[in-house]
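If you're matching positions, the sequence shown starts at 223 in this note's numbering and goes up one per residue. Where a beta carbon is used, it is the ideal one built from N, C-alpha and C, also for glycine.
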Amino acid sequence: MNNQIDDERLRLYFKQIKMAIPMHSRSEKAYLAKMQKSIEDFVRDHPDASFTDLLNQFGTPDQISQSYLSSLKAEELYKRVLRRVWFKRALILIASLAIISFSCYVGYLYKAYSHIQGGYSVQEIIEYE
223 MNNQIDDERL RLYFKQIKMA IPMHSRSEKA YLAKMQKSIE DFVRDHPDAS FTDLLNQFGT
283 PDQISQSYLS SLKAEELYKR VLRRVWFKRA LILIASLAII SFSCYVGYLY KAYSHIQGGY
343 SVQEIIEYE
């Protein structure tokens with residue numbers, strides 16, 4: 223099996239690194255861009271390098287993610303996670319309010335439609351002899 227680094231394998235490696243890092247704010251994007259440039263420089267400078275050499279130089283995607291997360295301060299990491307939790311809660315609240323508002327609007331339209339149609343019922347009694 224050919225263990226050379228081709229474009230598809232390199233693209234998959236970048237994608238795995240991106241997926242291994244749980245957050246994607248500006249600092250993570252900057253870190254990923256810097257990492258991608260370093261890897262591309264390594265591949266350009268070592269055209270005969272194998273994928274194993276690349277892994278030995280930079281590590282697996284999980285190792286890269288762990289290295290990045292360990293470089294963050296615990297307080298900063300906590301703030302980011304908390305911000306994400308509040309964002310999800312706000313999104314759920316907004317979606318719930320939108321659904322409730324839409325339901326009320328449909329109820330109003332139904333009531334208005336019933337009123338326009340006459341809104342009364344007639345009972346007809348049929349007797350059979």
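Residue closest to residue i, alpha-carbon to alpha-carbon, out of the options
i    : options                : result
A242 : E297, Q285, L277       : Q285
I287 : E250, D263, A320, E298 : The amino acid occupying residue 287 in the given sequence is Ser; Ile does not appear at that position. Of E250, D263, A320, E298, the residue nearest in Cα terms is E250.
P283 : L234, Y350, K301       : L234
R306 : S247, I239, F236       : S247
Q258 : F273, Y330, W308, L232 : L232
Buried versus exposed, by CB contacts within 10 Å (16 or more), residue i
i    : result
L276 : buried
I316 : exposed
I348 : exposed
I322 : exposed
Continuous alpha helix (DSSP H) stretch holding residue i: start and end
i    : result
H246 : Taken as a continuous stretch (DSSP letters only), H246 belongs to no alpha helix (DSSP H), as it is neither H nor E.
E351 : Segment: none, E351 is in no alpha helix (DSSP H) and carries neither H nor E.
A334 : 296-338
Residue i versus residue j: straight-line alpha-carbon distance, rounded
i    : j    : result
R302 : S289 : 17 Å
M223 : L313 : For M223, the predicted model reports a pLDDT of 43, less than 50, meaning its position is unreliable; a value from the coordinates is still stated below. Rounded to the nearest angstrom, the two C-alpha atoms are 48 Å apart.
H337 : L319 : 27 Å
V328 : R311 : 26 Å
Q345 : A334 : 22 Å
Expected contact under 8 Å - CB spacing of residue i and residue j to nearest Å
i    : j    : result
L254 : K237 : The pair is not a contact, with the Cβ atoms about 11 Å apart (cut-off 8 Å).
F280 : I261 : 6 Å
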